[in-house]
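Notes follow the structure.
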Amino acid sequence: MDFALIPPASGTFLFIPAWIIYTLIPVVGITLFIYIIVMRLKPMVLAQPDMPMADILANVPARIIQVIKVWLLQWRHPRYMLAGVIHILLFAGFLILGLRSTELMFVGIKTGFSLPGMDGTLGAIYNVIRSYAATWVLVVALMAMYRRLVTKPARYAVPAKYGKPHTAEAVFVLGMICTLVLMEGLFEGSLVAAQEQQGMHAHFLAPFTLAWFFQHILAFANKDTLQFFHSASYFLHDITFFTFLCFLPMGKHFHVITSLFNVFLMRVRRGNIKPVKYGITGEELDNLKSFGVKNLEDFTWRHILHFYSCVDCGRCSDNCPANAVGRPLSPRFISIKGRNLLFATHPLHGERKIEKQPLIGSTYEEDEIWSCTTCGACEQECPVGIEYIDKIVDLRRGMVDEGMVPQSLQKPLSAIGKRGNPWGKMEKKRSEWTKAIEGDVPVKVLEGDKADVLFFVDSITSFDDRMQKIGQATATLLHRAGVDFGILGKDEKDSGHEVRRFGEEMLFQSLREHNTEMIKETGATKIVTADPHALNALKNDYEDLPPVEHISQFLAREVRKGALQFKANGDGQKVYTFHDPCYLGRHNAVYEDPRAVLDAIPGLKRVDMLRCKDRSFCCGGGGLMLFYEPEEEQRMGVLRVKMAAEAGANVIVTACPFCLVNMEDAIKVAGMEGKMEAIDLAELAAQHLE
Amino acid sequence: MEILVCVKRVPDTAENEITIKGDGTDIQRDDLVYSVNEWDNYATEEAIQIRDKVGGAVTVVTVGDSEAEEILRRQMAMGADKGILLADDAFEGSDGRGIASILKAEILKGKYDLILTGAQADDGAAQVGGMLAAMLDWPYASLVNKIEIDGKKLKIGREIEGGNQEMNEIELPCVLSIQTGINEPRYVGIRGIRKVASVEIPSHGAGDLGIAAGSVGAAAARVKRADYFTPVMGKGAEMLEGSMEEKIDKLIELLKAKGGLK
Numbered sequence: 062m063d064f065a066l067i068p069p070a071s072g073t074f075l076f077i078p079a080w081i082i083y084t085l086i087p088v089v090g091i092t093l094f095i096y097i098i099v100m101r102l103k104p105m106v107l108a109q110p111d112m113p114m115a116d117i118l119a120n121v122p123a124r125i126i127q128v129i130k131v132w133l134l135q136w137r138h139p140r141y142m143l144a145g146v147i148h149i150l151l152f153a154g155f156l157i158l159g160l161r162s163t164e165l166m167f168v169g170i171k172t173g174f175s176l177p178g179m180d181g182t183l184g185a186i187y188n189v190i191r192s193y194a195a196t197w198v199l200v201v202a203l204m205a206m207y208r209r210l211v212t213k214p215a216r217y218a219v220p221a222k223y224g225k226p227h228t229a230e231a232v233f234v235l236g237m238i239c240t241l242v243l244m245e246g247l248f249e250g251s252l253v254a255a256q257e258q259q260g261m262h263a264h265f266l267a268p269f270t271l272a273w274f275f276q277h278i279l280a281f282a283n284k285d286t287l288q289f290f291h292s293a294s295y296f297l298h299d300i301t302f303f304t305f306l307c308f309l310p311m312g313k314h315f316h317v318i319t320s321l322f323n324v325f326l327m328r329v330r331r332g333n334i335k336p337v338k339y340g341i342t343g344e345e346l347d348n349l350k351s352f353g354v355k356n357l358e359d360f361t362w363r364h365i366l367h368f369y370s371c372v373d374c375g376r377c378s379d380n381c382p383a384n385a386v387g388r389p390l391s392p393r394f395i396s397i398k399g400r401n402l403l404f405a406t407h408p409l410h411g412e413r414k415i416e417k418q419p420l421i422g423s424t425y426e427e428d429e430i431w432s433c434t435t436c437g438a439c440e441q442e443c444p445v446g447i448e449y450i451d452k453i454v455d456l457r458r459g460m461v462d463e464g465m466v467p468q469s470l471q472k473p474l475s476a477i478g479k480r481g482n483p484w485g486k487m488e489k490k491r492s493e494w495t496k497a498i499e500g501d502v503p504v505k506v507l508e509g510d511k512a513d514v515l516f517f518v519d520s521i522t523s524f525d526d527r528m529q530k531i532g533q534a535t536a537t538l539l540h541r542a543g544v545d546f547g548i549l550g551k552d553e554k555d556s557g558h559e560v561r562r563f564g565e566e567m568l569f570q571s572l573r574e575h576n577t578e579m580i581k582e583t584g585a586t587k588i589v590t591a592d593p594h595a596l597n598a599l600k601n602d603y604e605d606l607p608p609v610e611h612i613s614q615f616l617a618r619e620v621r622k623g624a625l626q627f628k629a630n631g632d633g634q635k636v637y638t639f640h641d642p643c644y645l646g647r648h649n650a651v652y653e654d655p656r657a658v659l660d661a662i663p664g665l666k667r668v669d670m671l672r673c674k675d676r677s678f679c680c681g682g683g684g685l686m687l688f689y690e691p692e693e694e695q696r697m698g699v700l701r702v703k704m705a706a707e708a709g710a711n712v713i714v715t716a717c718p719f720c721l722v723n724m725e726d727a728i729k730v731a732g733m734e735g736k737m738e739a740i741d742l743a744e745l746a747a748q749h750l751e
Numbered sequence: 012m013e014i015l016v017c018v019k020r021v022p023d024t025a026e027n028e029i030t031i032k033g034d035g036t037d038i039q040r041d042d043l044v045y046s047v048n049e050w051d052n053y054a055t056e057e058a059i060q061i062r063d064k065v066g067g068a069v070t071v072v073t074v075g076d077s078e079a080e081e082i083l084r085r086q087m088a089m090g091a092d093k094g095i096l097l098a099d100d101a102f103e104g105s106d107g108r109g110i111a112s113i114l115k116a117e118i119l120k121g122k123y124d125l126i127l128t129g130a131q132a133d134d135g136a137a138q139v140g141g142m143l144a145a146m147l148d149w150p151y152a153s154l155v156n157k158i159e160i161d162g163k164k165l166k167i168g169r170e171i172e173g174g175n176q177e178m179n180e181i182e183l184p185c186v187l188s189i190q191t192g193i194n195e196p197r198y199v200g201i202r203g204i205r206k207v208a209s210v211e212i213p214s215h216g217a218g219d220l221g222i223a224a225g226s227v228g229a230a231a232a233r234v235k236r237a238d239y240f241t242p243v244m245g246k247g248a249e250m251l252e253g254s255m256e257e258k259i260d261k262l263i264e265l266l267k268a269k270g271g272l273k
């Protein structure tokens, strides 16, 4: 076979046959890569258990769908349009060029090598596609570099307290990507140029691809020059390829490898919290020496996979309400600091580079971990499916176990333990709110009796003067819809939703045990609540209960059935906006029902805020978060109220007592009294009953 | 250092609505929840921190009935090494002096370098600590908000007017009454209490302590409780009625009317 230029595998370098060099490079590269991966796997093997294999396998279809959506189709990327599109193109380019890179590696070992099945039409089609892929990869990699170096989006910045920026690493990798596609184009372009010059049958080069450009640029270069470019570009490509491969696991580009696994292992169920320790029974829990995450070794292997997978894109922190108000929490750095500690503890060679010490006080700070409202915005946003809530809760479990609980939280926790509510109010007063219902609305206080539907009120709606109105409105709605319902009265204790999320697992379990028993005694076939935190607890933290729904779901159905009808909203000046409560929306995917209820009120003007539905912005947090005194520059609620004003609304409708507390406070703090008001969906619906 | 912390089980004012029995003999106790007296909790935390710094052991002691054992367990879950319950029917109805003499008898059975009490109890009269020190003839300092160990001596602080700090020196052994705010007491969860659920807590009665039954208890009390009642509203006093919001609105109105708020 005649060649226009000497192919890489047939050349020599310093009298050594080049194929030997081109065999050695992959052998050394792959060996090194395997070694690095093994060293990276080591801490995962040593880590705590995570989801058992049976659980993972039980959800394989759902997991595959997640892989297709989140990984392959990059579903979450366009939420940041420009960066998202750049990444989708880069990612698609990677997938397409993977095959070509494999082929190229062998071309250096055996002259004329082509992958099986790739020498025919299929190969020709592939060659056109991959040539364009290489071209667009160069374009988007340059765009990404421009963003990193010139545009510098704020979310990439690294605050000084978290260390150095990662721009250099990002640009270095982008540089390698550019080198790879350029060298590949030069390798092919120089060959075709030579083929054309020698009148040989030339490869087809798709127009306006990199190779096509190089061929045109080099059309009149002499053969020696072409040979130099051909050989040098191959050599550089080969070296860069394996450098790139081995560099990936060194930092944020590890996601190239780990994201597939991470997405496959993402949570399938939402709203729940991982057990204290996987694989142990309730009784064994009491015998555990330690609870939660206190040291690096207490993380699970999936937590570590999360650390490896963080791309440092800053989307989590950009959506984190705690970060937005200046609380000392940035979810991105939960991952980055965790990864830095892992790398220092398990270096690729030699002894650990950092002395062993508890995580709190060294890697993480107490206030950082208490700052999280568990709103889930970070998890919703992460393009590679990193989860934070379980980690935060595990760290809190560790702090609770060590007694490190802020004084502001100790009182409400102790009151919940003693009286079943965080204010320490008397149990017998739990049903007092029913006395002030307007109109003839009978509320059965079950305390041993039966009812068809149980209205689970929970603490704040039972005891807070203002929030009692939500309970009263809910009871009115249930009554008007003809439901046989009752409440538990003094037999109800706090659902424990935040108790669990603040790390006091044993207290949560005793609340769950008590409430479960009381709920079962009522013989109710359905549970309704107006509190999304109670909804989430009963639905996702409790077990074996009758179906639970939020009042908005109930209302939407009754409205659709025609069982409830609303009179017109007479006030033409009012523009309503619905604030999605985190535990109704993101954690339980109820977005449309509350809107359907609002839209069923004739004449009601409604707008959506820019941040709505799964991008809703937390009001400031519920449950125990009301008691926590965070370090912050402003309130989340204030930011939220301003967002409502920007949307052109003057009434914020929410569907959660905690959201209402925070919104009403925020309206006052922001000095927007008279300009903005807040109301609960149940109250608004009850006001509009025919 | 061997430290003894005197603790008391009290109705928690944050979690109870205190009302008085119709006959004026006591407060309504039917629906009360109890906890360790807040000041005593700070004292226990301080003792644990001192022990962690200089070594030794922390013992918590209470005079009470068998139900008082729960607070000893709680303080042990916090980190105290040992609990002692001083219980005897003969102790019932003791006045402050009686309680101090019971504690004194227990203290003399051991070898303690430092006795801590809370500055006062939620339901108490802030008298036991001082009397106990006098009975032991040990130096005593009250309202302590800072302790520094200095060999056989302690440097102790007390807050004075204007947020200023006063420092004193005191020799061991001594009795200190502890003010809240001296530290940040650690949290005790259910798990912690369960861990010490089966630890044996010795109970000492009058016989064990060598106390003549007649010298303590209601009969020996020289301060006798005579009555409980709710004071009648004085001249110029006004009770605001209504919901919390309404009360606040009225209060603000009143403050504005009297020039207290502009």
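For the record, the sequence lines run as chains Y and U.
The first sequence: position 41 = 102 (the numbering used here), numbered continuously.
The second sequence: position 224 = 235 (the numbering used here), numbered continuously.
Just so you know, even glycine gets a beta-carbon here, dropped at the ideal spot from N, CA and C.
Because the structure is a prediction, the values reported are computed rather than measured.
Out of U/144, U/170, U/56, the CA that lies nearest to the CA of residue 87 of chain U is found in U/56.
Look at the beta carbons and you see the region 405 to 415 of chain Y not touching the region 464 to 481 of chain Y: under three pairs across the two are nearer than 8 Å. Within the same chain, 613, 616, 617, 620, 742, 746 come within 8 Å of residue 658 of chain Y by CB-CB distance, once the 5 residues on both sides are set aside.
Within the same chain, and ignoring the five residues on either side of residue 206 of chain Y in sequence, the residues whose Cβ sits closer than 7 Å to its Cβ are 232, 235. Nearest CB-CB separation between residue 573 of chain Y and chain U: not below the 8 Å threshold. In the DSSP assignment, residue 53 of chain U falls within the unbroken alpha helix (DSSP H) covering 49 to 65.
Contact of residue 46 of chain U with chain Y is assigned, a C-beta pair being separated by under 8 Å. Beta-bridge partners of residue 215 of chain U (DSSP): U/97. Only buried fits residue 79 of chain Y, as 16 or more other CB atoms lie within 10 angstroms of its CB. Taking a Cβ-Cβ cut-off of 7 Å, residue 130 of chain U has no neighbours in chain Y, whose nearest Cβ is about 17 Å from it. The beta-carbon separation of residue 491 of chain Y and residue 523 of chain Y, rounded to 5 Å, stays under the 8 Å limit for a contact. For residue 188 of chain U, the uninterrupted beta strand (DSSP E) run begins and ends at 185 to 189, by DSSP. Excluding the 5 residues flanking it on each side, residue 231 of chain U has same chain C-beta neighbours closer than 7 Å at 109, 225, in chain order.
A direct Cα-Cα distance of roughly 29 Å separates residue 134 of chain U from residue 262 of chain U.
One finds 195 in chain U with Cβ atoms closer than 7 Å to the Cβ of residue 468 of chain Y, taken in chain order. Residue 476 of chain Y has a beta carbon lying within less than 8 Å of a beta carbon in chain U.
Minimum Cα-Cα distance from residue 486 of chain Y among the listed residues Y/220, Y/423, Y/474 corresponds to Y/474. Taking a beta-carbon distance threshold of 8 Å, residue 480 of chain Y counts as an interface residue toward chain U. With a contact defined as Cβ atoms closer than 8 Å, residue 79 of chain U and residue 217 of chain U miss out at about 16 Å. With fewer than 16 other Cβ atoms inside 10 Å of its own Cβ, residue 121 of chain Y counts as exposed. Residues of the region 441 to 464 of chain Y with a C-beta atom less than 9 Å from some C-beta of chain U are 460, 461, 462, 463, 464, listed in chain order.
In the DSSP assignment, residue 96 of chain Y falls within the unbroken alpha helix (DSSP H) covering 79 to 107.
The contact set of residue 255 of chain U on chain Y, defined by CB atoms closer than 8 Å, consists of 526 in chain order. Positions of the beta strand (DSSP E) runs, each at least 3 residues long and wholly inside the region 111 to 196 of chain U, are given as 125 to 129, 151 to 161, 164 to 171, 175 to 182, 185 to 189 in order along the chain. Interface flag for residue 338 of chain Y against chain U is unset, since no Cβ pair is found closer than 8 Å. In the structure shown, residue 672 of chain Y adopts coil according to DSSP, grouped into three states.
With a cutoff of 8 Å on beta-carbon distance, residue 109 of chain Y and residue 359 of chain Y are scored as near each other.
Contact between the region 369 to 377 of chain Y and the region 443 to 460 of chain Y is established, with three or more Cβ pairs separated by less than 8 Å. The beta carbon of residue 459 of chain Y lies closer than 6 Å to those of 353, 354, 355 in the same chain, with the five residues before and after it left out. Interface with chain Y (8 Å Cβ-Cβ cutoff): residue 84 of chain U is excluded. For residue 227 of chain Y, the three-state secondary structure derived from DSSP is coil. DSSP, reduced to helix, strand and coil, places residue 706 of chain Y within a helical segment of the structure shown. Nearest to residue 243 of chain Y by C-alpha distance, out of Y/298, Y/204, Y/650, Y/278, is Y/298. DSSP places residue 45 of chain U in the strand class (E or B) of the three-state scheme.
The criterion of a C-beta distance shorter than 8 Å is not satisfied by residue 197 of chain U and residue 422 of chain Y. Under the DSSP definition of a beta bridge, residue 741 of chain Y partners with Y/715.
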